[in-house]
Amino acid sequence: MPRLIVVQGARHRSHTLRNERTVVGALPESDILVDDPEVSKRHMTIERRGERYFVADAGSRNGTWLNEARVEDATELHSGDRLRIGQTALFFLEADRLEMSTDGRAPERPRGDKLGNLLILQEINKALNSESDLERLLELIMDTAIHLCDAERGFLILVNEAKLDFVVARNIDYEAVRSPEFKISNSVIRRVVKSGEPILTSNAKVDLKSVDSVISLDVRSLLCVPLRVKSRTIGTLYLDSRQAGAAFSEEDRDLLSAFSDQAAIALENARLLKEAKDKEAILSELRVARTIQLALLPKRDPLVPGFDLAGGMKTAKEVGGDYYDYIPAHKNQDGSRDLFLAIGDVSGKGVPAGLIMVMARSTVRSLSGQRDVDPKAVCVETNRILKQDLKPGLFMSLLLARADLRTGSLRLAGCGHERPLIRRASGKVERVDLGGLVLGVVADNAEHVAEMRVVLEPGDLLLLYTDGVTEAMDPRGKLYGLPRLEGLLMARGHEPPLELLHAIEADVSRHAQGAEQHDDITLIALRRKATGQS
């Protein structure tokens, strides 16, 4: 049966949708209780209609948001959809499908668990990347690790000049662990630090019988993974349990390893930001990286017969991972050329995100120049190349469009990027529900690239954008949002593309009311000229 995964900070929980109608809200008697001050008593409902599920707002004060668009009427849900109520994220997953194991004898875990874990990690990564206070970040990492694996205790240890620094110690109730419970196997931690490899055992007394502290502590199940930045181990996450039947699994190890790599990057970024306040050299390095990033973006908008085209990026203070490009395709048989439009966003900020953007740009440009290549094939190969170098937890969204300039037909391939918008010549604005899974998560994403074909008639305009637009916040934390962007596109989408982009940037700035821009704002607008225009 379908499930709803509720993610609140470090915590997440899964609810099976068994009823014809499920009420979500802050009332204790709700089918799904959400403890969030911004959530109404009866906030939203999920209703089953045959084999389909629909979400509807229940008159909440702050609204229900589906993939960052406000829910006005009952809207159908699809697997992987992200709902937001208040500060809480909820993911809808379709019924699990069991597959046979490789020996054909027993069913493996449902596929939905893997997708659910990916969505949970993606949401948690957003929280990690948005937290710059080192102390709060350390607590968030520890609480998340405990909750991901249902551990009895957890310790976050950093390595400082070969010494172990126990910076956070928590139990399953998210309370600080104090003496005499604060006992832990230093031998296991030093093994992980030295080897850079995780240690997992569900029978610690047998597997680690040579480690006296494990025996004396009566530890039954133990999981310790490294926190790595590039090839350097900066610490470990250590979880254990003394309860029978609470053994950690290989899936727990893989999940915690993926989380720990992203947590290590977040810790490193937080440390760099802290040092940047005292060291102007760090600021100088970031300025150089931004200069390199901008130097690789298009110098000018190309002249495209029959079309008007404009694109641009307004960078944040920190180096980001936004990317856009125009790439001429290989010549068609009649001598004409199609045009590739690319736009993407790397998770996180700083120099690592900028370097990933550079790698992705080079790959996409090289592949798109081949003969008769389609956007999906480019996305699949780009993912294969990036996956070899990206650490777990790092990912990149990408949207690639191949425009047939003779007919106005566009082939779109989506990898978890923001949905494109089309403004028709009539003034109507349409959302292109593309979706897909971000690059760098799975080794082969051929089944996870969303494809669609759209046609721009004379006077129609296609708008591509990054989440720096829709997630721009005012001083109170209110998002700019997709509905406001659609409204502006409806009102001013008839203007030349360059003027439209300037209007969007100005409107986002008005919304921000002076609040600091934390993410790059990147836009591309392509209009097919009206009949008779030169």
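Residue numbers (this note's numbering): 3 to 536. Just so you know, even glycine gets a beta-carbon here, dropped at the ideal spot from N, CA and C.
Quiz item: Gln-128 by DSSP, collapsed to three states: which one?
Solution: Taking the sequence shown and counting its residues from 1, one reaches residue 128 at position 126. It should be pointed out that residue 128 corresponds to Lys in this sequence rather than to Gln. Under the three-state reduction of DSSP output, Lys-128 falls in the helix class.
Quiz item: Can you tell me where the alpha helix (DSSP H) with Ser-189 in it begins and where it stops?
Solution: As a working note, residue 189 is residue 187 in the sequence shown. Under the DSSP assignment, Ser-189 falls in the alpha helix (DSSP H) whose first and last residues are 188 to 197.
Quiz item: Ala-60 by DSSP, collapsed to three states: which one?
Solution: As a working note, residue 60 is residue 58 in the sequence shown. Here Ala-60 sits in coil by DSSP.
Quiz item: Applying the criterion that 16 or more other CB atoms from any shown protein chain within 10 Å of the CB defines a buried residue, is Leu-296 buried or exposed?
Solution: In the sequence shown, the residue the question calls residue 296 occupies position 294. Residue environment: Leu-296 is assigned as exposed (fewer than 16 neighbouring CB atoms within 10 Å of its CB, all protein chains considered).
Quiz item: Mind checking Asp-75: buried by the 16 CB within 10 Å criterion, or exposed?
Solution: Within the sequence shown, numbered from 1, the residue matching residue 75 stands at position 73. Of the other Cβ atoms in all chains shown, fewer than 16 fall within 10 Å of the Cβ of Asp-75; this residue is therefore exposed.
Quiz prompt | Of the residues Lys-43, Leu-407, Val-231, the one placed nearest Asp-336, counting alpha carbons only | solution = Stepping through the sequence shown from its first residue, residue 336 is reached at position 334. Ranking Lys-43, Leu-407, Val-231 by Cα distance to Asp-336 puts Leu-407 first.
Exercise. Go through its chain and collect everything with a Cβ distance to Arg-426's Cβ below 6 Å, but skip five positions before and after it.
Key: Within the sequence shown, the letter at position 424 stands for residue 426. Closer than 6 Å at the Cβ level, and outside the excluded window around Arg-426, lie Asp-462.
Quiz item: Can Met-359 be considered in contact with the ligand SAH, in the sense that its beta carbon sits closer than 7 Å to one or more heavy atoms?
Solution: Looking at this structure, you won't find the ligand SAH or any other ligand, since it has none at all.
Quiz item: Excluding the five sequence neighbours on either side, which residues of its own chain have a C-beta within less than 8 Å of the C-beta of Lys-396, listed in chain order?
Solution: Here residue 396 refers to the residue found at position 394 when the sequence shown is read from its first residue. The amino acid at residue 396 is misidentified as Lys; the sequence shows Leu. Sequence-distant Cβ neighbours of Leu-396 in its own chain, meaning closer than 8 Å and more than five residues away, are Asp-263, Gln-264, Ile-267, Val-348, Ser-349, Gly-350, Pro-354, Ile-358, Gly-442.
Quiz item: When we look at the beta-carbon of Val-216 and count the other beta-carbons within 10 Å, is it buried (16 or more) or exposed?
Solution: Residue 216 sits at position 214 when you count from the first residue of the sequence shown. Confidence is the limiting factor: at Val-216 the pLDDT is only 48, short of 50, which leaves the residue's position unreliable and the question unanswerable from this model.
Practice problem: With DSSP collapsed to three states, give me the class of Glu-252. | Solution: As a first step, residue 252 must be located in the sequence shown, where it is residue number 250. Reduced to three states, the DSSP call for Glu-252 is helix.
Quiz item: Phe-168 by DSSP, collapsed to three states: which one?
Solution: Translated into the one-based positions of the sequence shown, residue 168 becomes position 166. Phe-168 falls in the strand class under three-state DSSP.
Quiz prompt | Close-in-space but distant-in-sequence residues of the same chain around Asp-376 (CB under 8 Å, 5 per side omitted) | solution = Taking the first residue of the sequence shown as position 1, residue 376 is located at position 374. Taken in chain order, the residues that qualify are Arg-404, Arg-413, Ala-415.
Quiz item: Which class does Pro-499 belong to by DSSP, given the choice of helix, strand or coil?
Solution: Here residue 499 refers to the residue found at position 497 of the sequence shown. The answer is helix: DSSP assigns Pro-499 an H, G or I state.
Exercise. Go ahead and pull the three-state DSSP assignment for His-17.
Key: To locate residue 17, count along the sequence shown from 1; it is residue 15. It is a strand residue.
Exercise. Check the DSSP bridge columns for Val-231 and list the partner residues they point to.
Key: Against the sequence shown, residue 231 aligns to sequence position 229. Among the bridge pairs identified by DSSP, Val-231 is matched with Arg-234.
Quiz item: What does a CB cutoff of less than 7 Å around Asp-303 pick up in its chain, not counting 5 residues either side in sequence?
Solution: The count along the sequence shown starts at 1 and reaches residue 303 at position 301. Contacts found: Leu-311, Ala-312, Gly-313.
Self-check item: For Gly-489, the first and last residue of its enclosing alpha helix (DSSP H)
Solution: Here residue 489 is taken as the residue at index 487 of the sequence shown, counted from 1. Here the alpha helix (DSSP H) through Gly-489 covers 484 to 494.
Quiz prompt | CA-to-CA distance, Ser-223 to Ala-318, given in whole angstroms | solution = The count along the sequence shown starts at 1 and reaches residue 318 at position 316. The count along the sequence shown starts at 1 and reaches residue 223 at position 221. Their backbone Cα atoms lie some 45 Å apart in a straight line.
Quiz item: Which residues in the same chain as Val-456 place their Cβ atom closer than 7 Å to its Cβ, once the five residues preceding and following it in sequence are excluded?
Solution: Indexing the sequence shown from 1 puts residue 456 at position 454. In chain order, Leu-412, Leu-414, Ile-424, Val-434 place their CB closer than 7 Å to the CB of Val-456, counting only its own chain and leaving out the 5 sequence neighbours on each side.
Quiz item: When you compare only the Cα positions, how much space is there between Lys-531 and Val-231?
Solution: Looking up residue 531 in the sequence shown gives position 529. Looking up residue 231 in the sequence shown gives position 229. Whole-angstrom Cα-Cα distance: 49 Å.
Quiz item: Would you call the region 88 to 96 and the region 501 to 508 touching, i.e. three or more CB-CB distances under 8 Å?
Solution: Flag = no, the region 88 to 96 and the region 501 to 508 do not touch.
Quiz item: By a C-beta neighbour count over all protein chains shown, 10 Å radius and 16 as the cutoff for buried, is Leu-400 buried or exposed?
Solution: Along the sequence shown, one-based indexing puts residue 400 at 398. Answer is buried; the Cβ neighbour count reaches 16.
Quiz item: Which residues in the same chain have their Cβ closer than 7 Å to the Cβ of Ser-212, if we skip the five residues on either side of it in sequence?
Solution: Counted from its first residue, the sequence shown places residue 212 at position 210. Caution applies to Ser-212, whose pLDDT of 47 falls short of 50 and renders its modelled position unreliable; the value that the coordinates give is listed next. Within the same chain, no residue comes within 7 Å of Ser-212 by CB-CB distance, once the 5 residues on both sides are set aside.
Quiz item: Going by beta carbon distance, what residues of the same chain come within less than 6 Å of Arg-339, once the five residues before and after it are set aside?
Solution: For the purposes of this step, residue 339 is identified with residue 337 of the sequence shown, where counting begins at 1. The answer, listed in chain order, is Pro-330, Ala-331, Lys-333.
Quiz item: Would DSSP call Thr-90 helix, strand or coil?
Solution: Reading the sequence shown from its first residue, position 88 is the one you call residue 90. Annotated three-state conformation of Thr-90 is strand, per DSSP.
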